[in-house]
Amino acid sequence: MNTELIQEAKRLREKMEWLIAAVSTDKSRNQASSIQVKLDVFGGICSFFETLVRDERTQLETFGADLEAREVAVRNREMTVENSRALLMDRQIAINAARDTHVIIGTALMERASELEASEQVLNRDLEGLERREAEVEAAQSILQKERRDLDVEKSCIQNAKVNLEDDMKSLTLTTDCTLSELRKAWKRDVQGHYEKAESLSRELESANGRIGGLLSELEAAKGDVIAANKREDEAKSILEASRQESKSQLEHAQEAMRAAQRRGDNLANITRKLEEAKVSIHSQLATATKKLKDLEAKHAESEAARAMLVSEKKSLIEKAALLTSERNGLDSRVSDLESQAKLLDSARERFKNEASRQERAAAEKDQQIGEFQKQVDSLTAQVTELEQAKIQLKSQMDKTKEPVEEAMTNSRKRKWDESPTVLFSSWRTAVDDLGDFLHMCKPEMDTDGSCTEEDALKAIGNIAVRESSRDNLLDFFTSSPCDEWYCLDEVAEEGLDAEAAEPCSRHEGGPCLQIRNCNEGKIGGLRYGAFLCRNRS
Numbered sequence: 107m108n109t110e111l112i113q114e115a116k117r118l119r120e121k122m123e124w125l126i127a128a129v130s131t132d133k134s135r136n137q138a139s140s141i142q143v144k145l146d147v148f149g150g151i152c153s154f155f156e157t158l159v160r161d162e163r164t165q166l167e168t169f170g171a172d173l174e175a176r177e178v179a180v181r182n183r184e185m186t187v188e189n190s191r192a193l194l195m196d197r198q199i200a201i202n203a204a205r206d207t208h209v210i211i212g213t214a215l216m217e218r219a220s221e222l223e224a225s226e227q228v229l230n231r232d233l234e235g236l237e238r239r240e241a242e243v244e245a246a247q248s249i250l251q252k253e254r255r256d257l258d259v260e261k262s263c264i265q266n267a268k269v270n271l272e273d274d275m276k277s278l279t280l281t282t283d284c285t286l287s288e289l290r291k292a293w294k295r296d297v298q299g300h301y302e303k304a305e306s307l308s309r310e311l312e313s314a315n316g317r318i319g320g321l322l323s324e325l326e327a328a329k330g331d332v333i334a335a336n337k338r339e340d341e342a343k344s345i346l347e348a349s350r351q352e353s354k355s356q357l358e359h360a361q362e363a364m365r366a367a368q369r370r371g372d373n374l375a376n377i378t379r380k381l382e383e384a385k386v387s388i389h390s391q392l393a394t395a396t397k398k399l400k401d402l403e404a405k406h407a408e409s410e411a412a413r414a415m416l417v418s419e420k421k422s423l424i425e426k427a428a429l430l431t432s433e434r435n436g437l438d439s440r441v442s443d444l445e446s447q448a449k450l451l452d453s454a455r456e457r458f459k460n461e462a463s464r465q466e467r468a469a470a471e472k473d474q475q476i477g478e479f480q481k482q483v484d485s486l487t488a489q490v491t492e493l494e495q496a497k498i499q500l501k502s503q504m505d506k507t508k509e510p511v512e513e514a515m516t517n518s519r520k521r522k523w524d525e526s527p528t529v530l531f532s533s534w535r536t537a538v539d540d541l542g543d544f545l546h547m548c549k550p551e552m553d554t555d556g557s558c559t560e561e562d563a564l565k566a567i568g569n570i571a572v573r574e575s576s577r578d579n580l581l582d583f584f585t586s587s588p589c590d591e592w593y594c595l596d597e598v599a600e601e602g603l604d605a606e607a608a609e610p611c612s613r614h615e616g617g618p619c620l621q622i623r624n625c626n627e628g629k630i631g632g633l634r635y636g637a638f639l640c641r642n643r644s
């Protein structure tokens, strides 16, 4: 563009020099008609440059509007990228928080699992202790039942001993009445006393038997004490047996009562003493048995309470174990859910990372494009500035030459000079300029298959672009043609948008065919306006 302006400026300078010379000559020869022609030429030149500047300014304004739209789109894209980055940061923070929560929950689960294992071990030990205590209670119950049976046997033995004692006393009384009448009264008194004592002892025994009968239902353990009581009962029986034998011997030797009276008294005293001792021993044994029965009763109550407590503890531990098992299952399910959520968060994080990197690359590409657009804007601005300066210089030169031209006279001899600007700015020059403008607007690009060269493209397009109708059809093609179809260049030049896709070309039918494909995407005035791909097919 700068080269063209320089060339135009040079041609303009040559024309101005020629005009100055012609005006000077015409003024001297009073030729006014040629001056009018020259003024018309200058008017055409000014109009041409004004049109050129106006077109350039329009194109620059269009490009500026497109650039502003692109800048707005880039800013919107940058805002979108920033929002995506902020969202990505929030998601990253949420992912980190979720991971921390997952670690905390995992640690809590591990601690809870260890606590559950310890509780399970304690529960197993408690269950084992409970089973041992139940076995001990059952053994104690069996011992109590056995001792109760032993007490029943001892009770029957005591009753038999009472009956035997009464029989002995009756036999002793009868023997004494038959053998010794002198001692009858004394013997009766003694026997009565002993009988009363026996009756008292019998009543006490019956009372004791009643108490024993009331306590036998609750007695469960006293085997050692009962064995001791049995031993003492055997001693009492032996004493009673000895007394009976002595009474028999006394009855057999009744005739010797005088000599044996003292001995019988002593024997009776001994018997009475032994009976008292036996009574005291029986009372003490009964008291001991009563106390042991109460102790056994208390122990039994304690064992029952302990058993009930153990049963309750066992049920509580079983319920606690079930609850802990359910909690553990729930925690395992929660762990599985958290692991799946962590996997989803990781995948989402990777997707956002990829999206962020893609957006960053797109933003970098947009920044690069903006830089290139800014460079082109600066270049176009410089060109416009140069055009404005050239226009100002042209106007100043025209102002300088206007007065001499108006005052000059026509000169018939300068008709040969009038032919030069007429030739330069004839329809031929207009056609050449239009063709040059069109060729400058075209931006052919060679296809990567290497089938077409720039020389081939220039030759084919130059031949076609001579016709104004072909140029118009090509401009329509650059504006509205799709960018994914190949077309025959000759077909487009003749048919315009009515041309059919050349797959294959029906016009050339196997011959050489230059095909083009639009690259503009319908943006008039854009950077890609007039760009098209070229290839050769046969």
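Heads up, the sequence shown stops at 644 in our numbering, and the numbers go up one at a time, no gaps.
By construction, the Cβ of each residue, glycine as well, lies at the ideal position given by its N, Cα and C atoms.
As the structure is a computational prediction, the values presented were derived from the model and not from experiment.
Limits of the unbroken alpha helix (DSSP H) element including residue i
i, result
"Glu-591", "Premise fails: Glu-591 is in no alpha helix (DSSP H) and is neither H nor E."
"Glu-561", "560 to 570"
"Glu-362", "Unbroken run through Glu-362: none, as it is neither H nor E."
"Arg-577", "574 to 586"
Rounded C-alpha distance that separates residue i from residue j
i, j, result
"Gly-568", "Ala-599", "12 Å"
"Tyr-593", "Leu-603", "10 Å"
"Cys-611", "Arg-643", "9 Å"
"Ala-637", "Glu-177", "23 Å"
"Arg-117", "Asn-182", "49 Å"
"His-614", "Asp-582", "23 Å"
"Asn-266", "Val-259", "11 Å"
"Met-547", "Ala-171", "20 Å"
"Leu-407", "Leu-229", "The residue you asked about is not Leu; residue 407 is Ala in the sequence shown. Roughly 26 Å separates the two Cα atoms."
"Glu-692", "Asp-555", "Only positions 107 to 644 of the chain appear in this structure, which leaves residue 692 out of reach."
"Glu-597", "Ala-605", "6 Å"
"Ser-442", "Ser-432", "15 Å"
"Glu-410", "Met-216", "41 Å"
"Ala-687", "Lys-405", "Only positions 107 to 644 of the chain appear in this structure, which leaves residue 687 out of reach."
"Ser-390", "Leu-250", "22 Å"
"Lys-337", "Arg-295", "32 Å"
"Asp-206", "Arg-218", "18 Å"
"Val-386", "Lys-380", "10 Å"
"Gln-165", "Ser-485", "13 Å"
"His-119", "Ala-607", "The sequence shown places Arg at residue 119, rather than the His named in the question. Going by the C-alpha atoms only, they are around 49 Å apart."
"Ser-533", "Thr-585", "27 Å"
"Leu-564", "Val-159", "27 Å"
"Glu-302", "Lys-397", "28 Å"
"Ala-393", "Glu-312", "14 Å"
"Val-243", "Asp-401", "16 Å"
"Met-122", "Gln-495", "17 Å"
"Asn-376", "Arg-255", "35 Å"
Beta-carbon spacing of residue i, residue j below 8 Å
i, j, result
"Arg-455", "Gln-198", "yes"
"Asp-562", "Leu-620", "yes"
"Cys-558", "Arg-641", "yes"
"Glu-162", "Ala-469", "no"
"Leu-541", "Ala-566", "no"
"Leu-222", "Glu-419", "no"
"Lys-472", "Val-180", "yes"
"Val-187", "Gln-465", "yes"
"Leu-451", "Ala-204", "yes"
"Leu-423", "Asp-196", "no"
"Ser-190", "Glu-461", "yes"
"Arg-573", "Phe-544", "no"
Whole-Å CB distance - residue i paired with residue j, under 8 Å assumed
i, j, result
"Tyr-635", "Asn-624", "Not confirmed; about 10 Å, so no contact."
"Arg-413", "Glu-253", "Not confirmed; about 19 Å, so no contact."
"Leu-639", "Glu-560", "Rounded, the Cβ-Cβ distance is 13 Å, inconsistent with contact."
"Leu-444", "Ile-211", "6 Å"
Bridge-paired residues (DSSP) for residue i
i, result
"Arg-551", "The displayed chain sequence assigns Glu, not Arg, to residue 551. In the DSSP output, where bridge partners are listed per residue, Glu-551 has Leu-639."
"Ile-622", "Tyr-593 and Cys-640"
"Ala-607", "Tyr-593"
Segment limits, beta strand (DSSP E) that includes residue i
i, result
"Leu-603", "Counting along the chain, Leu-603 falls outside any beta strand (DSSP E), and DSSP gives it neither H nor E."
is_contact[residue i, chain B] using C-beta, thresh 8 Å
i, result
"Ser-262", "Note that chain B does not occur in the displayed structure, where there is just one protein chain."
The ligand ADP heavy atom lying under 7 Å from the CB of residue i
i, result
"Leu-581", "Ligands are entirely absent from the displayed structure, and the ligand ADP is therefore not among its contents."
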